[in-house]
Amino acid sequence: MATPDRQKSNSSTVHSVVVTVKLLEFLATSGRPQRVTDIATGLDMTKARVSRHLSTLADLGLVARMPDNSGYRLGPTLLRLSKAALDQYEITNIAYRYMVVLRNEIDESLLLAIPAGGDALIVSSISSSKTLGPRVVRGTRWTIPMSPTARLILAYSSDHIRERILARRSDRNTDVELAFDANDMRSTMETIQNRFYEYDANAHEAGFATVTVPIFDHSEELQAALTVVMASRGVPGATRSEDIRYLQPLRETGLEITRALGSIDMARKMATMM
Numbered sequence: 075m076a077t078p079d080r081q082k083s084n085s086s087t088v089h090s091v092v093v094t095v096k097l098l099e100f101l102a103t104s105g106r107p108q109r110v111t112d113i114a115t116g117l118d119m120t121k122a123r124v125s126r127h128l129s130t131l132a133d134l135g136l137v138a139r140m141p142d143n144s145g146y147r148l149g150p151t152l153l154r155l156s157k158a159a160l161d162q163y164e165i166t167n168i169a170y171r172y173m174v175v176l177r178n179e180i181d182e183s184l185l186l187a188i189p190a191g192g193d194a195l196i197v198s199s200i201s202s203s204k205t206l207g208p209r210v211v212r213g214t215r216w217t218i219p220m221s222p223t224a225r226l227i228l229a230y231s232s233d234h235i236r237e238r239i240l241a242r243r244s245d246r247n248t249d250v251e252l253a254f255d256a257n258d259m260r261s262t263m264e265t266i267q268n269r270f271y272e273y274d275a276n277a278h279e280a281g282f283a284t285v286t287v288p289i290f291d292h293s294e295e296l297q298a299a300l301t302v303v304m305a306s307r308g309v310p311g312a313t314r315s316e317d318i319r320y321l322q323p324l325r326e327t328g329l330e331i332t333r334a335l336g337s338i339d340m341a342r343k344m345a346t347m348m
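Numbering (our numbering) for the sequence shown: 75 to 348.
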């Protein structure tokens, strides 16, 4: 039987772990380095307490202080662990065999992306057999507004994450980036939610069209986005024949993976749209 002192020690350790996770999640969802003051305010903690935890995490390589002392970001240890996690991530193993079947059917490149702080992080890809085609690198991070995959992922993110990303994107310098209208993006995401897919005739202005569908799990939350990348002349939805060739098989595959992950409600909604 544990003594009162031992129980108190265990409780303190568990609480420290909880605080650590909250700190790391805050830095991950912020998308940029954060000052101690901002972290303390966001987590409703004292600056002294935040500083103590950050100091320990920095020693472990879980966070890193910016060279100009402008704040903290996620550290190199997390990068190493995240790469290992990608190798073990369950959805990549489950989705892969479905992706192979779909690629063999339509002979177009496919990619699987997961939510990453409101962005799209590519965790798996399969290339077509075509000589000239897109080559997508695992670990690439796509963002709104240009990426239809990122738009779909953000559309199914929580309201908190969605509004934070929209606010952050609106604050950027439009003189050097694409003009961005948050209200237009909200309208686009509502359309995505209603039809369960998104596409772009020339995503990333790279000469390739993309169409993407959501994948949900047993919690009925978005787990990933499955995307077909093809020559821009073959945009799904442009004609019925192209829709049958690309969009419908993609939807069917997304639904199969969603069901394999245990979704019931979202799988039913996806099925009604097909």
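Note that beta-carbon positions come from the ideal geometry of N, C-alpha and C, so glycine has one too.
Classified as buried, D291 has 16 or more neighbouring CB atoms from the shown chains inside 10 Å of its CB. The shortest CA-to-CA distance from A187 to any of S203, S221, V174 and S293 is the one to S221. When the five nearest sequence neighbours on each side are left out, the beta carbons in the same chain lying within less than 6 Å of the beta carbon of M348 are those of R325, in order along the chain.
Contact check for P323 against M259 fails: the beta carbons are separated by 8 Å or more. Annotation: T214 to A345 spans about 30 Å, alpha carbon to alpha carbon.
Taking every protein chain shown into account, the CB of D274 has 16 or more other CB atoms within 10 angstroms, so this residue is buried.
The segment 126-173 contains, as complete beta strand (DSSP E) runs of 3+ residues, the segments 137-139 and 146-148 (chain order).
Two segments are said to touch when three or more pairs of C-beta atoms, one from each, lie closer than 8 Å; by this definition the segment 164-176 does not touch the segment 142-152. A direct Cα-to-Cα measurement between A224 and N268 gives close to 16 Å. Inclusion of L184 and L131 in the CB contact set at 8 Å is not warranted, their separation being larger than that value. The Cβ atoms of S337 and E294 lie closer than 8 Å to each other. In the DSSP assignment, T284 falls within the unbroken beta strand (DSSP E) covering F282 to F290.
Closest option to S156, judged by alpha-carbon separation, among R236, R212, P288 and P107: R212. Taking all protein chains shown into account, R243 has 16 or more neighbouring C-beta atoms within 10 Å of its C-beta and is therefore buried. For M344, the enclosing alpha helix (DSSP H) has its first and last residue at D339 to T346. With a cutoff of 8 Å on beta-carbon distance, R147 and A138 are scored as near each other. For D112, the uninterrupted alpha helix (DSSP H) run begins and ends at V110 to L117, by DSSP. The residue from I289, L296, A298 and V285 with its alpha-carbon nearest to that of M304 is V285. L226 is the residue among A283, L226 and P288 whose C-alpha sits nearest the C-alpha of S261. As a beta-bridge residue in DSSP terms, R215 pairs with L195.
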